[in-house]
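J.: Residue numbers (our numbering): -15 to 134. Following this message is one structure expressed as structure tokens.
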């Protein structure tokens, strides 16, 4: 019984000191709700961090599910079973010109890459400066392709 009275006395003394500090301005309380502004800032920051952690955990859960799906596919492949996943069709090559890099079949190229090297002007499908893996190129280029000499 004595222990309970001592604990209650300490709580009352701490509350009295707290209220005195708020009333005298030693602890800032701009909105007069008897909660220190510093404590409100800390609570707000904790709430913001908890929200961010929750969002990240949702991302982790999604990634873990995808990992499990991929692991099942690896096991099936190891067993020699045909994959049930649909493979994507390769993208068609587009004709490009100007400066840039590309891997299409009709890409102009000046620089390194697979191509016909230094070809005749107007003999290819596109012109300009760029680099890419192409078989029908014009312009200056050094690569593993064939070169025409004049």
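Cβ atoms here follow ideal geometry from the backbone N, Cα and C, with glycine treated the same way. Note that this is a predicted model, so its numbers are computed, not measured.
Would you report the Cα separation of residue 23 and residue 3, rounded to the nearest angstrom?
T.: As a working mapping, residue 23 is identified with position 39 in the chain shown. As a working mapping, residue 3 is identified with position 19 in the chain shown. Going by the C-alpha atoms only, they are around 15 Å apart.
J.: Check whether the Cβ atoms of residue 11 and residue 0 sit closer than 7 Å, and answer yes or no.
T.: On the chain shown, residue 11 is found 27 positions in, with the first residue counted as 1. On the chain shown, residue 0 is found 16 positions in, with the first residue counted as 1. Against a cut-off of 7 Å, the Cβ pair of residue 0 and residue 11 comes out as no contact.
J.: Could you give the residue range of the alpha helix (DSSP H) that holds residue -7?
T.: The residue you call residue -7 lines up with position 9 of the chain shown. -14 to 8 is the span of the alpha helix (DSSP H), which, as asked, contains residue -7.
J.: I'd like to check one pair, residue 13 with residue 6: are the Cβ atoms closer than 7 Å?
T.: Numbered from 1 along the chain shown, position 22 holds the residue referred to as residue 6. Numbered from 1 along the chain shown, position 29 holds the residue referred to as residue 13. In contact: residue 6 and residue 13 (Cβ atoms closer than 7 Å).
J.: Is DSSP giving residue 30 helix, strand or coil here?
T.: Stepping through the chain shown from its first residue, residue 30 is reached at position 46. Helix, per DSSP.
J.: Which of the three DSSP states is assigned to residue 20 in this structure?
T.: Along the chain shown, one-based indexing puts residue 20 at 36. Note: residue 20 maps to coil in three-state DSSP.
J.: Alpha carbon to alpha carbon, how far is residue -12 from residue 38?
T.: The count along the chain shown starts at 1 and reaches residue -12 at position 4. The count along the chain shown starts at 1 and reaches residue 38 at position 54. Their backbone Cα atoms lie some 40 Å apart in a straight line.
J.: Distance check for residue 44 and residue 51, CA to CA, integer angstroms please.
T.: Along the chain shown, read from residue 1 onward, the residue named residue 51 stands at position 67. Along the chain shown, read from residue 1 onward, the residue named residue 44 stands at position 60. Near 10 Å, if we compare the C-alpha coordinates of residue 44 and residue 51.
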